[in-house]
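Inspection log for the structure reproduced underneath, given as structure tokens.
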Amino acid sequence: MTRSVMWFRRDLRTVDQPALAAAARTGQVVPLFVLDPALLGSAGTVRRDRLLASLRALDAACSGALVVRTGDPVAVVPALAAELGAAAVHVTGEPSPYGRRRDAKVREALHAKHIDWAVTGTPYAVGPGRVTKADGTPYRVFTPFSRAWRDHGWHSPARDVRVRWARGVDTEPLPGDGPTAASPGSPDERVGYPAGQAAARQRWQQFRDDALAGYDTGRDRPDLDGTSRMSVYLKFGEVHPRTLLADLVRPGRSMSAAEQRYVTELCWREFYADVLWHQPGSAWADLHPIAMDYAEPDYAEPDADFDRWQAGRTGFPMVDAGMRQLAAQGWMHNRLRMITASFLVKHLHVWWPHGARHFLNLLADGDIASNNHGWQWVAGTGTDAAPYFRIFNPVTQGKRFDPSGDYVRRWIPELAHLAGAAAHEPWKHPDGYSGGYPERMLDLAEQRQEALRRYQNR
Ligand SMILES: Cc1cc2nc3c(=O)[nH]c(=O)nc-3n(C[C@H](O)[C@H](O)[C@H](O)COP(=O)(O)OP(=O)(O)OC[C@H]3O[C@@H](n4cnc5c(N)ncnc54)[C@H](O)[C@@H]3O)c2cc1C
């Protein structure tokens with residue numbers, strides 16, 4: 001019987017999975033995941049553990065047939081496919097710069113062994129590079145892109161197929177496998193929600209039924225459970241955006257303002273992937289340098305101040321709560337990502353890639369396109385960027401978006417004794433520092449002026 005390899009990467013699911021369906025139509029399927037040291041090396045423990053939990057869930061969905069190998073996929077995949085006598089290697093297309101380079105080499109090595117390389121779909125509703133202006137050039141601004149993206153449309157979710165899994169292929173144990181390893185369905189305390197396609201579906205349904213109606217206002221409140229928490233599931237491909245969109249965008253169905261807002265947020269993910277597709281260099285270089293003279297960069301080098309930011313000890317409760325949540329859970333609310341990133345770039349004057357790298361290492365949903373372009377948005381160097389003179393004040397932001405102070409108290413036990421919004425301004429209370437919370441490391445107004453001076457000098 002014909003055998004093919006289904007090489008899973010950012011698509012760790014068996015439902016709504018067109019690449020797997022394509023493999024299954026040809027005969028027996030060997031499900032493969034390669035632990036690539038080049039990718040795992042930069043992943044912090046939370047993301048690494050989350051990946052392993054996702055792989056356990058995927059293995060269960062593949063009836064225990066998942067084959068795991070460690071090494072450079074350029075060597076591992078062709079060698080395994082040849083050893084198994086596979087006719088083809090099936091994948092979901094990978095549009096990131098690293099993935100494109102890697103896949104080109106794997107395809108070439110397979111070709112030399114007369115093994116087919118079959119690409120079906122991407123991790124996006126509309127594949128990056130597909131939406132262009134009438135003259136074929138890419139969109140540089142979000143709103144027209146989002147209109148064209150909706151006009152372009154996307155496929156309905158793929159039908160389930162019966163897969164004949166190949167058994168008996170040697171596999172490596174997953175790191176940490178054994179009696180202490182978390183089971184795929186158990187709640188993952190650190191990331192907040194359990195791994196796997198079933199858990200993704202469950203969380204989506206819960207959000208859709210309980211919180212989506214209030215999303216257009218609730219999405220800005222880190223003290224509430226007002227966002228979908230789909231980012232980690234989307235990162236690992238435990239759910240495809242098409243599956244979520246199918247619940248909201250249907251012919252003849254009108255969407256509420258909150259639903260439209262949610263679709264727009266999913267579109268930001270697609271837009272950033274599209275920008276990266278057209279300009280792979282934008283991962284680490286400014287898309288729009290603000291008349292910046294790189295011969296004389298006007299940025300501070302990461303130093304002890306950077307360490308205080310990373311550790312959540314700046315003395316500004318909203319910044320510190322966000323950074324501590326990031327370290328503990330590998331996730332942060334969007335509002336906190338903006339506030340903490342702005343503090344680093346505009347109050348500590350550190351170049352955004354230093355912060356972006358730290359986020360990427362720690363975030364369970366760490367995604368080069370959304371993260372690095374999100375940082376560029378904050379720094380004022382990206383597409384649709386916040387203008388350079390918009391500088392978030394973390395205290396004002398805290399009082400506005402965490403009015404009860406619940407969010408900061410959850411992450412900063414040293415402020416537990418301050419009731420309500422008082423937790424945002426310990427310096428205003430005689431016993432504000434009695435819990436051992438650090439004093440403010442800088443003067444916000446002074447550093448705001450300094451940021452403006454640096455930006456204007458460029
Ligand atoms: C500095 C910075 C870094 C970021 N890094 C990442 C990252 O590494 N990975 C990541 O997935 N998102 C990143 N984001 C975007 C956003 O913060 C997260 O997607 C969101 O907080 C995830 O929570 P959620 O799934 O509950 O979001 P929801 O509000 O429920 O949104 C639904 C989905 O829409 C997409 N989305 C929402 N907002 C954005 C956005 N601004 N840009 C791109 N996609 C968006 C995500 O896929 C998200 O899961 C970053 C934003 C900033 C400002």
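Mapping to UniProt numbering: the sequence shown position 148 is 148, numbers consecutive. Ideal Cβ placement from N, Cα and C applies to all residues, glycine included.
1. Skipping 5 residues on each side, what residues in its chain have a beta carbon closer than 7 Å to that of GLN310?
2. In terms of alpha-carbon separation, which member of THR243, PRO78, ALA285 and MET1 lies closest to LEU266?
3. Round the Cβ separation of LEU84 and ARG3 to the nearest angstrom and send it over; I've been treating them as touching at under 8 Å.
4. What does the alpha-carbon distance come out to for the pair ALA21 and SER54?
5. Which two residues bound the contiguous beta strand (DSSP E) that contains GLN28?
6. Please indicate yes or no: does the CB of LYS399 lie closer than 7 Å to some heavy atom of ligand 1?
7. Would DSSP call THR70 helix, strand or coil?
8. Is MET338 near ligand 3 - that is, is its Cβ less than 7 Å away from at least one heavy atom of it?
9. Let me check one thing: in DSSP terms, what residues is MET6 bridge-paired to?
10. Enumerate in chain order the residues of its own chain whose CB-to-CB distance from LYS105 is below 8 Å, with the five nearest sequence positions on each side excluded.
11. Please tell me whether, using a cut-off of 7 Å, the distance from the CB of THR227 to the nearest non-hydrogen atom of ligand 1 is below it.
12. Within 10 angstroms of the Cβ of GLN376, are there 16 or more other Cβ atoms? Answer buried if so, exposed if not.
13. Under a three-way DSSP split, which group does ALA60 fall into?
14. Pick out whichever of PRO173, TYR272, ARG102 and SER96 has its Cα sitting closest to the Cα of ASP384.
15. Of the choices THR171, VAL239 and GLN260, whose alpha-carbon is the least far from that of TYR215?
16. With distances taken Cα to Cα, identify the nearest neighbour of TYR233 among GLY196, GLN205, TYR433 and SER63.
17. Output the distance between the C-alpha atoms of TYR262 and PHE207, rounded to the nearest integer angstrom.
18. For PRO173, tell me which candidate among ALA65, GLN279, ARG250 and ARG147 has the shortest Cα-Cα distance.
19. Beta-carbon separation of ARG221 and PHE316 under 8 Å?
20. Specify, as a first and last residue, the run of the alpha helix (DSSP H) that ALA328 falls within.
21. Going by C-alpha distance, which of THR171, TYR388 and TRP331 is nearest HIS288?
22. For VAL30 and ALA166, which I take to be in contact (beta-carbon distance under 8 Å), what is that distance rounded to the nearest angstrom?
23. Which residue wins for smallest C-alpha separation from TRP204, given the options THR217, GLY218, LEU248 and VAL161?
24. So, using beta-carbon positions, are ALA364 and GLY355 closer together than 8 Å?
25. Let me check you understand the geometry: is the CB of HIS354 closer than 7 Å to at least one non-hydrogen atom of ligand 1?
26. Report yes if the C-beta of TRP268 is less than 7 Å from at least one heavy atom of ligand 1; otherwise report no.
27. Note down, in chain order, each residue of its chain lying with its Cβ closer than 8 Å to the Cβ of PHE343, except the 5 sequence neighbours on either side.
28. If contact is defined by three or more beta carbon pairs under 8 Å, each pair taking one atom from either stretch, is the region 4 to 12 in contact with the region 85 to 96?
29. According to DSSP, is PRO18 part of a helix, a strand, or is it coil?
30. From the DSSP output, read off the bridge partner residues of VAL249.
31. Looking only at C-alpha atoms, which of THR217, ASP286, ARG253 and TYR299 sits nearest to ARG453?
32. Following the continuous alpha helix (DSSP H) through ALA213, name the residue where it begins and the one where it ends.
33. Just verifying my parser: in three-state terms, what is the DSSP assignment at TRP154?
34. Can we count SER4 as close to ligand 1, meaning its CB is less than 7 Å from some heavy atom?
35. If you draw a straight line from the C-alpha of PRO187 to the C-alpha of TYR193, how long is it?
36. For ASP274, which residues of its own chain have a beta-carbon under 6 Å away from its beta-carbon, when the five flanking residues on both sides are left out?
Reading it off the structure:
1. Within the same chain, GLN310 has close Cβ partners MET323 and HIS358.
2. For the residues THR243, PRO78, ALA285 and MET1, the minimum Cα distance to LEU266 belongs to THR243.
3. Right, their Cβ atoms sit about 6 Å apart.
4. One C-alpha to the other measures close to 20 Å.
5. It spans 28 to 35 - the beta strand (DSSP E) in which GLN28 sits, taken as one unbroken run.
6. Answer for LYS399: no, Cβ out of range of ligand 1.
7. Strand, per DSSP.
8. This structure simply doesn't include ligand 3; it includes ligand 1 instead.
9. Within the DSSP bridge table, the entry for MET6 names PRO31 and HIS90 as partners.
10. Result list for LYS105: VAL74, in chain order.
11. Answer for THR227: yes, Cβ within range of ligand 1.
12. By the 10 Å Cβ count, GLN376 comes out buried.
13. Of the three classes helix, strand and coil, the one that applies to ALA60 here is helix, per DSSP.
14. When each option's Cα is compared against that of ASP384, the closest is TYR272.
15. Of the candidates THR171, VAL239 and GLN260, the one whose C-alpha sits nearest the C-alpha of TYR215 is GLN260.
16. For the set GLY196, GLN205, TYR433 and SER63, the Cα lying nearest the Cα of TYR233 is the one of GLY196.
17. If I take the Cα positions, the gap works out to 11 Å.
18. Minimum Cα distance to PRO173 is reached at ALA65.
19. Not a contact, by the Cβ cut-off of 8 Å.
20. According to the DSSP assignment, ALA328 belongs to the alpha helix (DSSP H) that extends over 317 to 329.
21. Minimum Cα distance to HIS288 is reached at TYR388.
22. Cβ atoms of VAL30 and ALA166 come within 8 Å of each other, at about 5 Å.
23. Comparing Cα positions, the closest option is LEU248.
24. Here ALA364 is not near GLY355, since their CB atoms are 8 Å or more apart.
25. Not a single heavy atom of ligand 1 lies less than 7 Å from the C-beta of HIS354.
26. Yes, since a heavy atom of ligand 1 falls inside the 7 Å radius drawn around the Cβ of TRP268.
27. TRP309, THR314, PHE316, VAL319, PHE392 and PRO394.
28. These segments touch.
29. Reduced to three states, the DSSP call for PRO18 is helix.
30. Beta-bridge partners of VAL249 (DSSP): none assigned.
31. If we check each option's Cα against that of ARG453, TYR299 comes out closest.
32. Counted as a single uninterrupted DSSP element, the stretch harbouring ALA213 is not any alpha helix (DSSP H), since DSSP gives it neither H nor E.
33. Note: TRP154 maps to coil in three-state DSSP.
34. Between ligand 1 and SER4, a heavy atom-to-CB distance of less than 7 Å is absent.
35. Residue confidence for PRO187 is low, a pLDDT of 44 falling below 50, so the modelled location carries little weight and cannot support an answer.
36. Cβ neighbours of ASP274 within its own chain (closer than 6 Å, five residues either side excluded): PRO128.
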